[in-house]
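In UniProt numbering, the protein residues as written are 1 to 150.
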């Protein structure tokens with residue numbers, strides 16, 4: 001099984017909420033799946049996890065930073081990509097303090113515009129009580145361990 005490295009972002013608003021995107025897959029291998037997940041994406045050839053985090057943050061939110069601190073969490077999980085390939089995802093999670101809750105979709109790919117249906121800033125209480133599927137599992141604990149609980 002191929003390994004797919006990814007940088008994921010725990011974007012925290014001034015009001016201590018965490019940003020999640022709602023993914024809705026209408027076709028392909030993931031058709032019918034609907035969940036909330038952190039921003040982020042694959043590490044490109046020759047790129048570090050940190051560089052991927054900075055790039056993905058800009059591409060998916062419009063927020064620009066010069067650097068990110070060391071990762072606050074990691075996860076290894078088998079998952080299926082939209083194309084149907086099953087991979088071992090190796091994810092590192094980075095905390096970013098957002099200056100405000102304004103976002104930009106200007107650099108979204110065609111695929112992102114098709115599957116990223118919404119975004120929302122979630123409080124700790126909302127994460128604790130939601131019936132929605134949220135990835136990664138244990139997000140609230142990861143945020144608490146990093147000292148940035150929403």
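Beta carbons: idealized from backbone N, C-alpha and C, even for Gly.
Self-check item: Collapsed DSSP secondary structure at residue 137 in the structure displayed
Solution: Counted from its first residue, the chain shown places residue 137 at position 137. Note: residue 137 maps to coil in three-state DSSP.
Practice problem: Please work out which residues of its chain come closer than 6 Å, Cβ to Cβ, to residue 119, disregarding the five sequence neighbours upstream and downstream, and give them in chain order. | Solution: For the purposes of this step, residue 119 is taken as residue 119 along the chain shown, with counting starting at 1. Excluding sequence neighbours, residue 119 sits near 21.
Self-check item: 8 Å Cβ cutoff met for residue 89 and residue 79
Solution: Reading the chain shown from its first residue, position 89 is the one you call residue 89. Reading the chain shown from its first residue, position 79 is the one you call residue 79. Cβ atoms of residue 89 and residue 79: closer than 8 Å.
Practice problem: Would you grab the beta carbon distance between residue 91 and residue 74 for me? Rounded to a whole angstrom, and I think it's under 8 Å. | Solution: The residue labelled residue 91 in the question sits at position 91 within the chain shown. The residue labelled residue 74 in the question sits at position 74 within the chain shown. Indeed, because the Cβ distance is near 6 Å, the residues count as touching under 8 Å.
Quiz item: Contact check, residue 23 vs residue 37 under 8 Å by CB: the rounded distance?
Solution: One-based indexing of the chain shown puts residue 23 at position 23. One-based indexing of the chain shown puts residue 37 at position 37. The pair is a contact, with the Cβ atoms about 6 Å apart (cut-off 8 Å).
Quiz item: Since residue 3 sits in a beta bridge, which residues does DSSP pair it with?
Solution: For the purposes of this step, residue 3 is taken as residue 3 along the chain shown, with counting starting at 1. According to DSSP, which records beta bridges pairwise, residue 3 is partnered with 88.
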